[in-house]
């Protein structure tokens, strides 16, 4: 009995259980990706035009991106409190929107609706913060796989929630808003005492690699399953019983990762608490000594960057590394002998630790920011307007495209991180070249949306989803390589502002204005035709006060071409960044290849 209780206690304090619970939180955290399905319901119920829906979309993007308060609160409050605040904001924001849409509460002005959308969507920043902080602390040596898997589940959440809603089989489309308000809040509250840093149990184990591979395989299987289900539902009119079976299988795939903490706690990798603390950890002396040597080495490397002849950069990679190593050795020896005093610089070089203030005066940082604004901003515009885009082309089930782009977003994050890592590790080439490739794909996707040929809606959704997701795998890694990890939080939070800024430009100013202009033209033409008919048939009445609705490829033709052109501009900026940072990446990763 005592042995079973001990293993149960080990299971409840297992870091893999925390990781799986964080995955479940993230699987319902990306409610912002459902805005493309929510916006048509809000538009019809409240009689909004496309420009007003775009304002709500910008409010959603701001709520999704502004995570400064969540990050600050996570440092002074326990993580369960962070999750609870996020659940409360999600429930209040979207719950109130549901009451207004269903006429159970008085309508608010547009600015009031923007505040509610902002509050509801901002709840997911608390979910993200709690999940990432707890798991990064529990897996300090495996931050890359942990962050990638968790962000991937956030990208899949739109498709997961859509499939669960399909199982509800309700004709009331406003019920989706109710599910968004209640579902994520219930999951977060139910798991808020599990998602936490656990004492001990943080050291690297031999089983970690196989455990990560298993969970990664489940993630890919889950994405493939969701894609297959969505395609079948799009092509075949399924009965409600079949939809329920599909959803139960989906929930089963979400539960499968629980096998890892169960096996590790009850069958394998059983380590007593006393043995846990005997596992090797770096000592404080080693840490401080290595820190001093790293600082000294950074100064010498910076001096090498200043002192090396320009013709060295033109040599082949192997010869260049040999010449740089010789110069570095001479500087080390001269500095040790006191013959050379290493001069102090006013600021860091690329590859060293920058503060946000220091980064803001660097051209490379603004190249990343503007390229991200143009690329991810145009992608987010498509995500926000996917409901109207599909409806304007005659597709009745807009939620299918919303689910598909959620899946492609997930695969873009996983694939973007994987392939960009191959580029830098195997070829010592700048990571932003992968960003340029993603933006080329997005430019093609926007062009296909503009042409609106048969089948281009599916292909465009694929290219935009993959490209948008790749941005959020490549940009954070590139920023950490060029500007260091010491102040990475501030740098990353500043870069995320590019997302709503791009959405404001492309969706709030360009796409919505063009959509409403074309909708007004069609409304006037329809009114004129009805007026002429009314003169012939006196019993015919004119339709008035209907919300503006645009139909046909013309609705998003010009805005898609504009976004395609700006994606080409983003490609040029990314390639300029590649050219400027070749030497930095050669110094960072060149030595690992030889």
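In the working numbering, the protein residues as written are -13 to 580.
Yeah, the Cβ is synthetic: ideal placement off N, Cα and C, and Gly gets one too.
Segment contact flag, the segment 139 to 155 with the segment 78 to 94, C-beta cutoff 8 Å, min 3 pairs: No: fewer than three Cβ pairs fall under 8 Å.
Measure the beta-carbon distance from residue 423 to residue 354 and round it to whole angstroms, keeping in mind my assumption that it falls under 8 Å. Not quite, the Cβ-Cβ distance comes to about 16 Å (not below 8 Å), so this is no contact.
If you draw a straight line from the alpha carbon of residue 162 to that of residue 184, how long is it in whole angstroms? Taking C-alpha positions only, residue 162 is separated from residue 184 by approximately 36 Å.
Could you give the residue range of the alpha helix (DSSP H) that holds residue 35? From DSSP, residue 35 is part of no alpha helix (DSSP H); its letter is neither H nor E.
Close Cβ partners of residue 69 (< 8 Å) along its chain, the five nearest in sequence each way excluded: Cβ within range, chain order: 11, 112, 113, 116, 174, 175, 177, 178, 181.
Looking only at its own chain, which residues have a Cβ that is under 6 Å from the Cβ of residue 493, when we skip the five neighbours before and after it? Only 40, 43, 367, 370 meet the Cβ criterion.
Quick one: what does DSSP say residue 84 is sitting in, helix, strand or coil? Residue 84: helix per DSSP, three-state reduction.
Could one say the Cβ of residue 455 lies closer than 8 Å to chain D's Cβ atoms, at least one of them? Judged by its chain identifiers, the structure shown contains no chain D, having just a single protein chain.
Give me, in chain order, the residues of the same chain whose beta-carbon lies closer than 7 Å to that of residue 575; leave out the 5 immediate sequence neighbours on both sides. In its chain, beyond the 5 residues on either side, 410, 411, 414 have a beta carbon closer than 7 Å to the beta carbon of residue 575.
Near residue 276, which residues of its chain fall below 6 Å by C-beta distance, leaving aside the five closest residues on each side in sequence? For residue 276, the pLDDT reaches just 36, beneath the cut-off of 50, and the residue's location in the model is therefore unreliable, leaving the point undetermined.
Would you call the CB atoms of residue 378 and residue 542 closer than 8 Å? For residue 378 and residue 542, yes; Cβs fall inside 8 Å.
Am I right that residue 427 and residue 446 are in contact with their C-beta atoms under 8 Å? What's the rounded C-beta distance? Contact flag wrong, Cβ pair sits at about 10 Å.
Close beta carbons around residue 359, own chain, < 7 Å, minus the five adjacent residues each side: If we look at residue 359 and ignore the five residues flanking it on each side, its Cβ neighbours are 484, 487, 488.
Close beta carbons around residue 553, own chain, < 7 Å, minus the five adjacent residues each side: For residue 553, same chain residues with a beta-carbon under 7 Å away, outside a window of 5 residues either side, are 360, 361, 364, 425, 428, 429, 432 in chain order.
Given 8 Å as the limit, is there contact between the segment 49 to 68 and the segment -4 to 7, that is, 3 or more CB pairs closer than that? With the rule of 3 Cβ pairs closer than 8 Å, the segment 49 to 68 does not count as touching the segment -4 to 7.
Throw me the rounded Cβ distance for the residue 464 and residue 418 pair, which I believe falls under 8 Å. Rounded, the Cβ-Cβ distance is 6 Å, consistent with contact.
DSSP state of residue 284, grouped into three classes? Summary for residue 284: the model assigns pLDDT 44, below 50, so the residue's position carries little reliability; its value from the coordinates is reported in the next sentence. Under the three-state reduction of DSSP output, residue 284 falls in the helix class.
Residues in its own chain within less than 7 Å of residue 448 by CB, not counting five upstream and five downstream? Around residue 448: 394.
Three-state secondary structure assigned by DSSP to residue 335: Under the three-state reduction of DSSP, residue 335 is assigned to coil, being neither helix nor strand.
If you count every other CB in all the chains shown that lies within 10 Å of the CB of residue 172, and 16 or more means buried, which is it? Its Cβ having fewer than 16 others within 10 Å, residue 172 is exposed.
Our contact map puts residue 356 next to residue 559 with C-beta atoms below 8 Å; I'd like the distance itself, whole angstroms only. 6 Å between Cβ atoms; contact.
Output the distance between the C-alpha atoms of residue 397 and residue 455, rounded to the nearest integer angstrom. The alpha-carbon atoms of residue 397 and residue 455 are separated by roughly 7 Å.
Buried versus exposed, by CB contacts within 10 Å (16 or more), residue 25: It is buried - the Cβ of residue 25 has at least 16 other Cβ atoms within 10 Å.
Excluding sequence positions up to five away, which residues of its chain have a Cβ less than 6 Å from the Cβ of residue 152? Answer for residue 152: 229, listed in chain order.
Any chance you could list the alpha helix (DSSP H) runs of at least 4 consecutive residues sitting entirely within the segment 186 to 225, in chain order? You should have 194 to 221.
When DSSP labels each residue in this structure, what does residue 16 get in the three-state scheme? The three-state secondary structure of residue 16, taken from DSSP, is coil.
Once DSSP output is grouped into helix, strand and coil, what is the label at residue 348? In this structure, residue 348 counts as coil in the three-state DSSP scheme.
Expressed to the nearest angstrom, what Euclidean distance is found between the alpha-carbon atoms of residue 451 and residue 237? If you take the alpha carbons of residue 451 and residue 237, they lie about 24 Å apart.
From this set, 71, 123, 92, which residue's C-alpha is nearest residue 108's C-alpha? Ranked by Cα distance from residue 108, the first of 71, 123, 92 is 71.
By the DSSP assignment, the alpha helix (DSSP H) with residue 340 in it spans what residues? Counting along the chain, residue 340 sits inside no alpha helix (DSSP H), nor does DSSP assign it H or E at all.
DSSP on residue 394, reduced to helix/strand/coil? Residue 394 falls in the helix class under three-state DSSP.
Is it true that the CB of residue 500 sits closer than 8 Å to the CB of residue 550? Cβ distance not < 8 Å, so residue 550 and residue 500 don't count as in contact.
Check for me: the alpha helix (DSSP H) holding residue 487 runs from which residue to which? Residue 487: member of the alpha helix (DSSP H) spanning 484 to 489, first to last residue.
Output the distance between the C-alpha atoms of residue -5 and residue 405, rounded to the nearest integer angstrom. Between residue -5 and residue 405, the C-alpha separation is close to 40 Å.
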